[in-house]
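Just below is one structure, and these are the notes that go with it.
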Amino acid sequence: MNRRRALSQLSTCLRGQVPSNADWTAILSMANDALITSELYPLLATSKQELPEEVRTFLAEVYRRNLKRNVSLFGTLKDALAALNAVGIEPVLLKGCATWCACDGAILEPNGDRMVLDLDLLVLPSEGRRARDALMRSGFLLLEDHETDEDHAIAVLGREQDAGSIDLHDRPPCPVGIAEVDNLHAHCQPVSVGDFRAKLPRSELQILVTSLHDQIIDGDFWMGNFHLRHLIDIAKLTRAAARIDWSFLATACPTPFLLDVVEIQLAAATRIAAAETPNHVGSRMWIKAQYFRIRLQYTDPMINVPLRWLGRIVRWRHLPSRTRVVGVRTSA
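Structure, rendered in structure tokens:
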């Protein structure tokens, strides 16, 4: 089976349906590569359509193991929050660990569907060194020190017994000089994580930060790629009880370039992961063409290699002209 059909059948699975004439070897191979196999079990286990028993068993085992890993990471998160709360810091949860938060503003326990590689915590620039020192005093080792770099993560910390490390940020993981969310902390709600306190960005800014990170920092916009895990994250946000304020998201993108970047990510999340977006998302010819190109590169290795190298060149020539773009400004 070619990758185009495999992606189409995987997309059907992400809608909670068992594809007809499914090639499970190809589907699971693509899901494994994208680290989303654990997402399939809760979607397909309750499907009224028949799922091959060996596939059901495999998905259940992957889900079980990922749940065990997430429970371990959840313990790491609580230990980190205990250290940070003790010095008066309530960090913002970003990326994977933010997906554990229920709509009632509490994380009682993690689920096993989202594979979380590490814990991304955001603090204010003025809190960065104090947060790092507090974590180190509580037993976390400094694995990487980026305090003097221009990286958005100022430190990576971890312990030998942990399932993943902590990426400590003092600014959102957005491209500097192109799109900086300058006051994300003002758009967060408090959340409880067990007995500890943290903050969670509003859904629109989670979508924005994810889109900017994938499309610009990782270069998907130019080199043609999808982060399927992140498309699923966006889809879940659009289907959550809290409605997305699409006008707020559009206002947070002050240039046509940034609007294109976010719309391409939303179009991909809609068509592949069943995100619920307005009808106009992905309707423009330019966005359709970009989505078609990226999907073609994702599913055809022969085309992907030359276009990916061309994308690297275009990205290198394109980015300097974008550094003059005014950063994202959202009113508090």
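Positions 1 to 332 (UniProt numbering) are the ones given, in order, by the sequence shown. For every residue, glycine included, the Cβ atom is placed at its ideal position computed from N, Cα and C. Predicted model, so just to flag it, every value in this text is computed and none were measured.
Return the residue from the list 199, 35, 148 that minimises the CA-CA distance to residue 77. Position 77 of the sequence shown, counting from 1, holds the residue named residue 77. With distances taken between Cα atoms, residue 77 lies closest to 199.
I'd like the span of the alpha helix (DSSP H) that includes residue 64, first residue to last. Residue numbering aside, residue 64 sits at position 64 when the sequence shown is read from its first letter. That run of the alpha helix (DSSP H) goes 53-86.
CB of residue 203 within 7 Å of CB of residue 242, strictly: Here residue 203 refers to the residue found at position 203 of the sequence shown. Here residue 242 refers to the residue found at position 242 of the sequence shown. Yes, the pair counts as a contact, with Cβ atoms nearer than the cut-off.
Straight-line CA distance for residue 143 to residue 157? Taking the sequence shown and counting its residues from 1, one reaches residue 143 at position 143. Taking the sequence shown and counting its residues from 1, one reaches residue 157 at position 157. For residue 143 and residue 157, the distance between alpha carbons rounds to 5 Å.
What residues in its chain sit with their C-beta under 8 Å from that of residue 218, if we drop five residues either side in the sequence? Translated into the one-based positions of the sequence shown, residue 218 becomes position 218. Cβ within range, chain order: 225, 227.
Can you name, in chain order, every residue of its own chain whose Cβ lies under 6 Å from the Cβ of residue 11, other than the five neighbours on each side? Numbered from its first residue, the sequence shown carries residue 11 at position 11. Closer than 6 Å at Cβ, skipping near neighbours: 272.
Could you give the first and the last residue of the continuous beta strand (DSSP E) run that contains residue 166? One-based indexing of the sequence shown puts residue 166 at position 166. 166-169 is the span of the beta strand (DSSP E), which, as asked, contains residue 166.
Helix, strand or coil: how does DSSP classify residue 234 here? Residue mapping note: residue 234 aligns to position 234 of the sequence shown, counting from 1. Correct three-state label for residue 234: helix.
Whether residue 214 touches residue 167 by CB criterion (7 Å): Your numbering for residue 214 matches position 214 in the sequence shown. Your numbering for residue 167 matches position 167 in the sequence shown. Contact flag unset, no.
Residues in its own chain within less than 7 Å of residue 66 by CB, not counting five upstream and five downstream? Position 66 of the sequence shown, counted from the first residue, corresponds to residue 66. Result list for residue 66: 38, 112, 115, in chain order.
I believe residue 141 touches residue 159 by the beta-carbon criterion, under 8 Å. Please report the beta-carbon distance rounded to the nearest angstrom. Counting from one through the sequence shown, the residue named residue 141 turns up at place 141. Counting from one through the sequence shown, the residue named residue 159 turns up at place 159. The pair is a contact, with the Cβ atoms about 6 Å apart (cut-off 8 Å).
Can you tell me whether DSSP reads residue 189 as helix, strand or coil? Numbered from 1 along the sequence shown, position 189 holds the residue referred to as residue 189. Residue 189 falls in the strand class under three-state DSSP.
Identified DSSP bridge partners for residue 158: In the sequence shown, residue 158 corresponds to position 158, counting from 1. For residue 158, which the question treats as bridged, DSSP gives the partners 141.
Let me know if residue 20 comes out buried or exposed under the rule of 16 or more other beta-carbons within 10 Å of its beta-carbon. Against the sequence shown, residue 20 aligns to sequence position 20. Flag for residue 20 reads exposed.
Restricting to runs no shorter than 4 residues, where is the alpha helix (DSSP H) found entirely within the segment 227-284? 228-239, 246-251, 256-273
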